[in-house]
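Chemist: One structure coming up, written as structure tokens, with questions to follow.
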Amino acid sequence: MANPAPRPLTESPAGAAYFTFAHLSDPHLSTPAPLPPRDWCSKRALGYLSWYRKRRFEHRAEVLAALQRDLAQTRPDHLVITGDLTHIGQPEEFAQARRWLEALGPPERVSLVPGNHDSTVAAPWGETYAQWESYLATDGETDGAARFPSLRIRHGVALIGLSTAVPSPPLLAIGRLGTEQLARLAEVLTETGNQGLFRVIYLHHAPVPGQDNWRKRLVDAPALAAVVARCGAELLLHGHNHRTREFQLETGGRPVPVFGAASASAVGAHGEPGGYCLYRIWQEHGDWQLALERRRYDHNSDSFMVAEQHRLC
Ligand SMILES: [Fe+2]
Ligand SMILES: [Fe+2]
820 MANPAPRPLT ESPAGAAYFT FAHLSDPHLS TPAPLPPRDW CSKRALGYLS WYRKRRFEHR
880 AEVLAALQRD LAQTRPDHLV ITGDLTHIGQ PEEFAQARRW LEALGPPERV SLVPGNHDST
940 VAAPWGETYA QWESYLATDG ETDGAARFPS LRIRHGVALI GLSTAVPSPP LLAIGRLGTE
1000 QLARLAEVLT ETGNQGLFRV IYLHHAPVPG QDNWRKRLVD APALAAVVAR CGAELLLHGH
1060 NHRTREFQLE TGGRPVPVFG AASASAVGAH GEPGGYCLYR IWQEHGDWQL ALERRRYDHN
1120 SDSFMVAEQH RLC
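Under this note's numbering, residues 820 to 1132 are what the sequence shown spells out, in order.
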């Protein structure tokens, strides 16, 4: 991969049309309702206590308000959100998250996949994910059954969403894609690759085998890596760790860049402050180009600022 001198994301490539999207993750924006007695024996009880004792002090509404002000300034064409909008996946939290999504933009401009917190326990689709359906759906899919991979195509960019959200036993935060989703992913990657599209895969859990410890891992990451090696992709994005991370997925040919996002709502008292990343994609002389700008929450100014810019491809 060529690595020319960095150039600012804000600099427009001469004459090139480009597509800009923001990747944000793990806003954990909701306030859980008091637990009904039946939930005190479920995994939701541990999650509720964790929220009450710690997480509600880290994931803050004022950071999300600053994020929305910043997005109004940076004005990406599209938003990609990689899950964990809630803390314990209650229907009431899904409703809060739906209102937040609507404030961010219409479903045509906001693409979403779920995270493990959103699937803390098995819950009826109609009470939970049905509320987010239009943000989860593939272009033109109107039957109400969001299927993964989802596929949205914008300005030559294929946004391919995967769901890794499955309920797991207490103290585990694992993810799973499953053989059916992986088989469909191979088809989608092949079709969009044949069309010459820039393929962005986005999912909640970290996709590189060994990237996370066993408690938080994507259990079928090796199978995902094999599909990407066989069928190709240009970029992988994920959340889950609440940390900015950068990896490469080895494919036997050109490695695929893998970027993890910080939590969008973190005030930074217990780790990395809130952040998100802007990606700009365009073509030069028939080759895809990619530039990124990381933006990070600054507690003193209560605003997001540029943390890093660079160009790949
Ligand atoms: Fe999270
Ligand atoms: Fe997560």
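Ideal Cβ placement from N, Cα and C applies to all residues, glycine included.
Model, not experiment: these values are computed from the prediction.
Look at the alpha carbon of M820 and the alpha carbon of G1072, and state the distance between them as a whole number of angstroms.
Modeler: Residue mapping note: residue 820 aligns to position 1 of the sequence shown, counting from 1. Residue mapping note: residue 1072 aligns to position 253 of the sequence shown, counting from 1. Residue placement at M820 is poorly supported in this model, since its pLDDT is 38, which falls under 50; the coordinates are not used for a value here.
Chemist: How about A912 and P855: are their beta carbons less than 8 Å apart?
Modeler: Locating residue 912 in the sequence shown gives position 93, where the first residue counts as 1. Locating residue 855 in the sequence shown gives position 36, where the first residue counts as 1. According to the sequence shown, residue 912 is Glu rather than Ala. Not a contact, by the Cβ cut-off of 8 Å.
Chemist: How is the beta strand (DSSP E) around R971 delimited, first residue to last?
Modeler: Here the question's residue 971 lines up with position 152 in the sequence shown. Looking at the DSSP string, the run of the beta strand (DSSP E) that includes R971 is 969-973.
Chemist: Mapping DSSP to helix, strand and coil, what is R879?
Modeler: Here residue 879 refers to the residue found at position 60 when the sequence shown is read from its first residue. Residue state, collapsed to three classes: coil.
Chemist: Can you name the residues that DSSP bridges to P1076?
Modeler: Residue numbering aside, residue 1076 sits at position 257 when the sequence shown is read from its first letter. Its beta-bridge partners are Q1067.
Chemist: Ordered along the chain, which non-local residues of its own chain (more than five positions away) have a Cβ less than 7 Å from that of A1085?
Modeler: Against the sequence shown, residue 1085 aligns to sequence position 266. If we look at A1085 and ignore the five residues flanking it on each side, its Cβ neighbours are E877, H878, V882, H1061, E1091, P1092, G1093.
Chemist: Just mark W1033 as buried or exposed, buried being the case when its beta carbon has 16 or more other beta carbons within 10 Å.
Modeler: Looking up residue 1033 in the sequence shown gives position 214. The residue in question, W1033, is exposed, as its Cβ has fewer than 16 Cβ neighbours within 10 Å.
Chemist: Quick check: the segment 894-910 against the segment 861-869, are there 3 or more CB pairs under 8 Å?
Modeler: They touch, by the three-pair rule.
Chemist: Rank L990, C1096, L981 by C-alpha distance to the C-alpha of R1003 and give the top, closest one.
Modeler: The residue labelled residue 1003 in the question sits at position 184 within the sequence shown. The shortest C-alpha separation from R1003 is found at L981.
Chemist: So, is P925 buried or exposed, given that buried needs 16 or more other C-beta atoms within 10 angstroms?
Modeler: Residue mapping note: residue 925 aligns to position 106 of the sequence shown, counting from 1. Flag for P925 reads exposed.
Chemist: If you scan the segment 955-1024 from start to end, which runs of the beta strand (DSSP E) of 3 or more residues do you find wholly inside it?
Modeler: Listed in chain order, they are 969-973, 976-980, 1017-1021.
Chemist: Rounded to whole angstroms, what's the CA-CA distance from G959 to V929? Just pull it up for me.
Modeler: Your numbering for residue 959 matches position 140 in the sequence shown. Your numbering for residue 929 matches position 110 in the sequence shown. Their Cα atoms are separated by approximately 14 Å.
Chemist: Should D937 be counted as a contact of ligand 1 given a C-beta to heavy atom distance under 7 Å?
Modeler: Taking the first residue of the sequence shown as 1, we reach residue 937 at position 118. Incorrect: D937 has no Cβ contact closer than 7 Å to ligand 1.
Chemist: In the DSSP assignment, find the alpha helix (DSSP H) that holds S869 and state where it starts and stops.
Modeler: Mapped onto the sequence shown, residue 869 falls at position 50. Start and end: 862-869.
Chemist: Does the beta-carbon distance from L955 to S938 come in below 8 Å?
Modeler: Position 136 of the sequence shown, counted from the start, is the residue given in the question as residue 955. Position 119 of the sequence shown, counted from the start, is the residue given in the question as residue 938. No. Outside cutoff.
Chemist: What is the rounded straight-line gap between the Cα of R973 and the Cα of H1059?
Modeler: Counted from its first residue, the sequence shown places residue 973 at position 154. Counted from its first residue, the sequence shown places residue 1059 at position 240. Answer to the nearest angstrom: the Cα atoms are 25 Å apart.
Chemist: Should L1097 and A841 be called a contact, given that it needs their Cβ atoms to be closer than 8 Å?
Modeler: Within the sequence shown, numbered from 1, the residue matching residue 1097 stands at position 278. Within the sequence shown, numbered from 1, the residue matching residue 841 stands at position 22. Yes, the Cβ-Cβ distance between L1097 and A841 is below 8 Å.
Chemist: Pick from H1104, T1070, R1099, H1057: whose alpha carbon is nearest that of A1081?
Modeler: What you label residue 1081 is simply residue 262 of the sequence shown in a count that begins at 1. With distances taken between Cα atoms, A1081 lies closest to H1057.
Chemist: Starting from the C-beta of D1117, find all residues in its chain whose C-beta is less than 6 Å away, skip the five residues before and the five after it, and write them out in chain order.
Modeler: Taking the first residue of the sequence shown as position 1, residue 1117 is located at position 298. Within the same chain, D1117 has close Cβ partners M1124.
Chemist: Given T957, which residues of its chain have a CB within under 6 Å of its CB, disregarding the five upstream and five downstream residues?
Modeler: Walking along the sequence shown from the start, residue 957 turns up at place 138. These residues qualify, in order along the chain: S969, L970.
Chemist: Compare the C-alpha of W944 against each of L1055, I979, A984, D1039 and name the closest.
Modeler: Locating residue 944 in the sequence shown gives position 125, where the first residue counts as 1. Nearest C-alpha to W944: A984.
Chemist: Does T901 come out as helix, strand or coil in the three-state DSSP assignment?
Modeler: To locate residue 901, count along the sequence shown from 1; it is residue 82. T901 falls in the strand class under three-state DSSP.
Chemist: Identify the continuous beta strand (DSSP E) that holds L920 and give its terminal residues.
Modeler: Position 101 of the sequence shown holds residue 920. Element bounds for L920: not the beta strand (DSSP E) but the alpha helix (DSSP H), 910-923.
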